[in-house]
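Working notes, structure below.
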Amino acid sequence: MTLNNIKRLFFALEVDAPWPEKLPEARTIDKTDRHMTVAFLGETDYEMMSSLLPSIPSLPFRVGMSAHFDRCLFLPERHPHVVAWRVNLWEGSVAIEKYQEQLFAWLRSHNLPVDTRNRFLPHVTLCRSPFMVGEWKQDFIPIPLIIKNLHLYESLGNVKYKPCWTQPLIVPFEEIEHTADIAFRVSGETSLQLYRNAFAALSFKFPKLLEFFSNPNAIGDVDEIVMRLNEAICLADATHGCPFKAVSFHGEIIRAEDQTLKWEMIVDV
Amino acid sequence: MSNLQKIKPGMFLLPQEMGMRVPGLIIATEALLQDVEIEKPLDQVRNVAYLPGIVGYSIAMPDIHWGYGFPIGGVAATDVKTGVISPGGVGYDINCGVRLAVVPGAYRDLTENVKKELLHTIFKSIPSGVGHQHKGAGLSDKDFRALVEKGARWSIEQGYGFERDLEHIESHGRIEGANLDVVSDFAKSRGRNQLGSIGSGNHFIEIGEVRHLYRSEIASAWGIEQGQIYILIHSGSRGFGHQICQDTLNSFMKQGYADNLPDRQLVAAPLDSEAGQTYFQAMAAAANFAFNNRQQILHGVRQAFQRVCGISPEQIHLIYDVCHNIAKFEEHEVEGVKRKLCVHRKGATRAFGPGAKELAPIFRTTGQPVLVPGDMGRASHLMVGLGNPMTWCSSCHGAGRARSRAQSMKAWGGRDTIEYMRKQGVRVMACSSKTIAEEMPDAYKDVDSVVEAVQEAQLANMVAKLSPQLVVKG
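Order-wise, the sequence lines are chains X and B. Just so you know, this note's numbering puts 179 at position 173 of the first sequence, and the rest follows in order with no gaps. Just so you know, this note's numbering puts 344 at position 352 of the second sequence, and the rest follows in order with no gaps.
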């Protein structure tokens, strides 16, 4: 082991969100570096770690998941030195917890250091101290987020991070071209996940829609997805006004070559 | 490009094939057909031709683009006895439309300060953009019932405008047959506070100058002069209409009315069925809401002119108000026989010619005004209908988008679009800079080329070119 190989490492899920343009003054983490930590390793021999990575347990899901931030946290509770937003996962929290246990076991089996003191708390750190608690509390509004990939990150110091290895996930949705309206290609492993990811796509454009999110246990077909999304749009329009007229009854759910489900969602605006 | 055959100036035939009941008719010039991403909308023209009871052609206007079921810029007439009515042939924004009014005086006589104040006053007094609506309790159920039954007259009775305005509104501001009892509470809750508001997207209020007269005798008959100030308003039935469309689609889907159609977004019920009649009654309710909406928006603009310029509301004359998302019962000649048809115009405008019975006397001699908004940088057009029977007396409704909202955002996001437009001589206000970026002039086709195609096809003739100067975007 040489000193050059020692890096401060951790495994985390990359997240994306319609981040507010302006956050209260603080040492803020760049939008592209924001993540949800799964396992913190600390100072680790990177060369050794990279040689082991091919045997790392695979994530139990292939399509990125949707969620929303529901609270502003100041961590640790006693003497907080970071501001984080709590993640309310719409699905998969048990799967992530189980994955974390698998990852811990895998790390331990290779005598790698891992901090297992804290129970998994889904959150994304936004900034490090100094910060004004009141300002962060006041400015918090719920916004959606999606989980994109699992990375092994290197902490570069001064709230900068660099991914040095990636286990990719299929993106939950992507905006596609539509001349008059807006359109998304939505992915999911089940029709229920398609609905959740479609809801996230709409909420990325209009976060207030989250107030009207319902999380059913099952979804039948694409028509039910459309009707549920439109119910939320209707309620949002009646309450706040909404930029969407409706999600149209366009397209079928298609099983792609990778066996995931795809749906092209068109939103009349 | 598809196998289009030119049959007349400005008209191309899309041959009947597979399950199409009629051929397609595309109004365009060769240049326009080269210019646009035409294949997807042409597929939609073909699909519309499958509708039971369709007569004549499945028609597309030169501002055609991909829409919901029907293309935007689509026209289809169905026989009332054997045909269907399709919410996709009307669109989500039922009776989205445009109204044009003129103000006495020349635009060049307005000082910079007056222009600025006028724009600010309109922006402040008329809600625009997402979430901006009237405060307070909003419309009661009694109000809803009265306004959907009376049409624009209801607003006039409340003090928003003048009796004479009604002669200058398509169908005199009222679609017969509206019935509030078939409208859901959801729809009412969406529309309750939205009457008199522009909404978002491509809706707008525009103040500008009548830049050029092509047919001065018609302009003069309508009371329009070169250089004059005009007001152009684009809005529809807001959440009330959107929800009526959605409720109907949900219901039609569940009843299996999409079966046997090439695209389930064309879902359509027979006109003589209970489902079809219920939709028409609800659609008419939304259409009458929209007439009231534009009536109240114009009232707000008239008030602004009075406050800022001292021009009384009575002096501001409504020229015309057209629907461009609607289904209407009209009588037309089909193979030499007069028949009652349900004419769907989705992103298309009625363009009755001289002599049409429904028109007020002033327009019966000239043909009806056809309003064609362009983009906020270049121009809008006022045309006169020629009553062309090949399109069931229909014409285009706008420039048509050339670029998606995402592309516009990529091109303009983060730039000072207000300053850019100011340098082009146009002052713009909107609640969101994103809206302005999405609605920049280059997002649209050049409206001049669209109206030239319409004129070439003899659907309508150009009367005046309008130059936007002060714009409130939704």
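Ideal placement from N, C-alpha and C gives every residue a C-beta, glycine not left out. If you're wondering where the values come from, they're calculated on a predicted model, not measured in any experiment.
Checklist entry - Assuming X:SER72 contacts X:ILE152 under a Cβ cut-off of 8 Å, what Cβ separation, rounded to an integer in Å, is found between them? => result As a working mapping, residue 72 of chain X is identified with position 66 in the first sequence. As a working mapping, residue 152 of chain X is identified with position 146 in the first sequence. 5 Å between Cβ atoms; contact.
Item to check | Environment of X:ASN155 [buried if 16+ CB atoms lie within 10 Å] | outcome: Mapped onto the first sequence, residue 155 of chain X falls at position 149. Taking all protein chains shown into account, X:ASN155 has 16 or more neighbouring C-beta atoms within 10 Å of its C-beta and is therefore buried.
Checklist entry - In chain order, what residues of the region 235 to 256 of chain X put their CB closer than 7 Å to some CB of chain B? => result ASN236, CYS240, ASP243, ALA244, HIS246, GLY247, CYS248, PRO249, LYS251, ALA252, SER254, PHE255 and HIS256
Item to check | CB contact check: B:GLY347 to chain X, cutoff 7 Å | outcome: Walking along the second sequence from the start, residue 347 of chain B turns up at place 355. Chain X, which has no Cβ nearer than 7 Å to the Cβ of B:GLY347, makes this no.
Checklist entry - Does the separation of the CB atoms of B:LEU363 and B:VAL90 fall below 7 Å? => result Looking up residue 363 of chain B in the second sequence gives position 371. Looking up residue 90 of chain B in the second sequence gives position 98. In this structure, B:VAL90 lies closer than 7 Å to B:LEU363 by Cβ.
Checklist entry - What residues from the region 215 to 230 of chain X come within 7 Å of chain B, judged by C-beta to C-beta, listed N to C? => result ASP229
Checklist entry - Using 7 Å as the limit for Cβ to Cβ distance, is B:ASN242 near chain X? => result The residue given as residue 242 of chain B occupies position 250 in the second sequence. Yes, B:ASN242 lies at the interface with chain X (some Cβ there is under 7 Å from its Cβ).
Next on the checklist: Taking the alpha helix (DSSP H) that X:ASN236 belongs to, which residues open and close that run?
Outcome noted: Here residue 236 of chain X refers to the residue found at position 230 of the first sequence. First-last of the alpha helix (DSSP H) with X:ASN236: 228 to 245.
Item to check | Straight-line Cα distance separating B:GLU141 from B:LEU310 | outcome: Within the second sequence, residue 310 of chain B is the residue found at index 318, counting from 1. Within the second sequence, residue 141 of chain B is the residue found at index 149, counting from 1. Roughly 22 Å separates the two Cα atoms.
Next on the checklist: Give me, in chain order, the residues of the same chain whose beta-carbon lies closer than 8 Å to that of X:THR34; leave out the 5 immediate sequence neighbours on both sides.
Outcome noted: Position 28 of the first sequence, counted from the start, is the residue given in the question as residue 34 of chain X. For X:THR34, where only same-chain residues beyond five positions count, the Cβ hits under 8 Å are LEU132, CYS133 and VAL165.
Checklist entry - Is any beta-carbon of chain X found at less than 7 Å from that of B:TYR84? => result Translated into the one-based positions of the second sequence, residue 84 of chain B becomes position 92. Yes, its Cβ sits closer than 7 Å to a Cβ of chain X.
Checklist entry - How would you list, in chain order, the residues of chain B whose beta-carbon sits under 9 Å from the beta-carbon of X:HIS184? => result Residue mapping note: residue 184 of chain X aligns to position 178 of the first sequence, counting from 1. TRP58, SER396, ARG397 and ALA398, listed in chain order.
Checklist entry - Is any beta-carbon of chain B found at less than 7 Å from that of X:VAL275? => result Walking along the first sequence from the start, residue 275 of chain X turns up at place 269. Yes, X:VAL275 lies at the interface with chain B (some Cβ there is under 7 Å from its Cβ).
Next on the checklist: Please tell me whether B:LYS437 and B:HIS204 are closer than 7 Å, where the distance is taken between their beta carbons.
Outcome noted: Start at 1 with the first residue of the second sequence, and residue 437 of chain B comes out as number 445. Start at 1 with the first residue of the second sequence, and residue 204 of chain B comes out as number 212. Taking 7 Å as the Cβ cut-off, B:LYS437 and B:HIS204 do not qualify as a contacting pair.
Checklist entry - Does any C-beta atom of chain X lie closer than 7 Å to the C-beta of B:GLY193? => result Sequence index remark: in the second sequence, residue 193 of chain B carries index 201 (1-based). Yes, its Cβ sits closer than 7 Å to a Cβ of chain X.
Checklist entry - Beta-carbon of B:ILE318 versus every beta-carbon of chain X: anything under 7 Å? => result Along the second sequence, read from residue 1 onward, the residue named residue 318 of chain B stands at position 326. So no, B:ILE318 is outside the interface.
Checklist entry - For B:VAL95, which option in B:ILE221, B:MET413, B:MET375 and B:GLN257 has the closest C-alpha, if you only look at C-alpha atoms? => result Looking up residue 95 of chain B in the second sequence gives position 103. The closest CA to that of B:VAL95, considering only B:ILE221, B:MET413, B:MET375 and B:GLN257, is found on B:ILE221.
Checklist entry - Excluding the five sequence neighbours on either side, which residues of its own chain have a C-beta within less than 6 Å of the C-beta of X:MET7, listed in chain order? => result To locate residue 7 of chain X, count along the first sequence from 1; it is residue 1. For X:MET7, the predicted model reports a pLDDT of 49, less than 50, meaning its position is unreliable; a value from the coordinates is still stated below. Within the same chain, X:MET7 has close Cβ partners ASP51.
Checklist entry - DSSP on B:VAL293, reduced to helix/strand/coil? => result Numbered from 1 along the second sequence, position 301 holds the residue referred to as residue 293 of chain B. Here B:VAL293 sits in helix by DSSP.
Item to check | Continuous beta strand (DSSP E) stretch holding B:GLU198: start and end | outcome: By one-based count along the second sequence, residue 198 of chain B stands at place 206. Looking at the DSSP string, the run of the beta strand (DSSP E) that includes B:GLU198 is 196 to 205.
Checklist entry - Does X:MET233 come within less than 7 Å of chain B when only Cβ atoms are used? => result Residue 233 of chain X sits at position 227 when you count from the first residue of the first sequence. With 7 Å as the cut-off, X:MET233 counts as an interface residue toward chain B.
Next on the checklist: Residues of the region 178 to 202 of chain X in Cβ contact with chain B at a cutoff of 9 Å, in chain order, please.
Outcome noted: Of all residues in the region 178 to 202 of chain X, the ones placed with a Cβ closer than 9 Å to any Cβ belonging to chain B are GLU181, ILE182, GLU183, HIS184, THR185, ALA186, ASP187, ILE188 and ALA189, in chain order.
Item to check | Sequence-distant residues of its chain with Cβ nearer than 8 Å to X:PHE212 (five each side left out) | outcome: Translated into positions along the first sequence, residue 212 of chain X becomes position 206. Answer for X:PHE212: ALA242, CYS248, PRO249 and PHE250, listed in chain order.
Item to check | Own chain, CB closer than 6 Å to X:ASN221, minus 5 neighbours either side, in chain order | outcome: Start at 1 with the first residue of the first sequence, and residue 221 of chain X comes out as number 215. Exclusion of the five residues before and after X:ASN221 leaves TRP96 as the residues of its chain whose Cβ lies within less than 6 Å of its Cβ.
Item to check | Three-way DSSP call (helix, strand, coil) for B:HIS124 in this model | outcome: Walking along the second sequence from the start, residue 124 of chain B turns up at place 132. Note: B:HIS124 maps to coil in three-state DSSP.
Checklist entry - Looking at the structure shown, is B:VAL106 part of a helix, part of a strand, or coil, going by DSSP? => result In the second sequence, residue 106 of chain B corresponds to position 114, counting from 1. Note: B:VAL106 maps to helix in three-state DSSP.
Checklist entry - Name the chain X residues that come within less than 9 Å of B:GLU29, Cβ to Cβ? => result Position 37 of the second sequence, counted from the first residue, corresponds to residue 29 of chain B. Chain X residues near B:GLU29: THR185.
Next on the checklist: Applying the 10 Å Cβ sphere with the 16-neighbour rule, what's the burial state of X:HIS87?
Outcome noted: Numbered from its first residue, the first sequence carries residue 87 of chain X at position 81. Exposed, since its Cβ has fewer than 16 Cβ neighbours within 10 Å.
Checklist entry - In chain order, which alpha helix (DSSP H) runs of at least 4 residues are fully inside the region 427 to 460 of chain B? => result 439 to 448
Checklist entry - Alpha carbon to alpha carbon, what distance is there between B:ARG156 and B:VAL464? => result Against the second sequence, residue 464 of chain B aligns to sequence position 472. Against the second sequence, residue 156 of chain B aligns to sequence position 164. So the alpha carbons of these two residues sit roughly 26 Å apart.
Checklist entry - In chain order, what residues of the same chain have a beta carbon less than 7 Å from the beta carbon of B:GLN273, not counting five sequence neighbours either side? => result Sequence index remark: in the second sequence, residue 273 of chain B carries index 281 (1-based). Excluding positions up to five away in sequence, the list reads GLY169, ALA170, ASN171 and VAL174.
Checklist entry - So is B:HIS336 in contact with chain X if we call contact Cβ pairs under 7 Å? => result Locating residue 336 of chain B in the second sequence gives position 344, where the first residue counts as 1. Output row for B:HIS336: interface = no.
Next on the checklist: With distance defined between alpha-carbon atoms, name the residue in B:PRO54, B:MET3 and B:SER192 nearest to X:ASP274.
Outcome noted: One-based indexing of the first sequence puts residue 274 of chain X at position 268. X:ASP274 has its Cα closest to that of B:SER192, out of B:PRO54, B:MET3 and B:SER192.
Item to check | Close-in-space but distant-in-sequence residues of the same chain around B:VAL14 (CB under 8 Å, 5 per side omitted) | outcome: Here residue 14 of chain B refers to the residue found at position 22 of the second sequence. Cβ within range, chain order: GLN8, ALA41, ILE46, VAL47, GLY48, TYR49 and SER50.
Next on the checklist: Closest to X:CYS170 by C-alpha separation, out of X:ASN223, X:GLU217 and X:TYR159, would be which residue?
Outcome noted: Taking the first residue of the first sequence as position 1, residue 170 of chain X is located at position 164. The shortest CA-to-CA distance from X:CYS170 to any of X:ASN223, X:GLU217 and X:TYR159 is the one to X:TYR159.
Next on the checklist: Assess contact between the region 26 to 36 of chain B and the region 411 to 430 of chain B, defined as three or more Cβ pairs (one per stretch) separated by less than 8 Å. Is contact present?
Outcome noted: no
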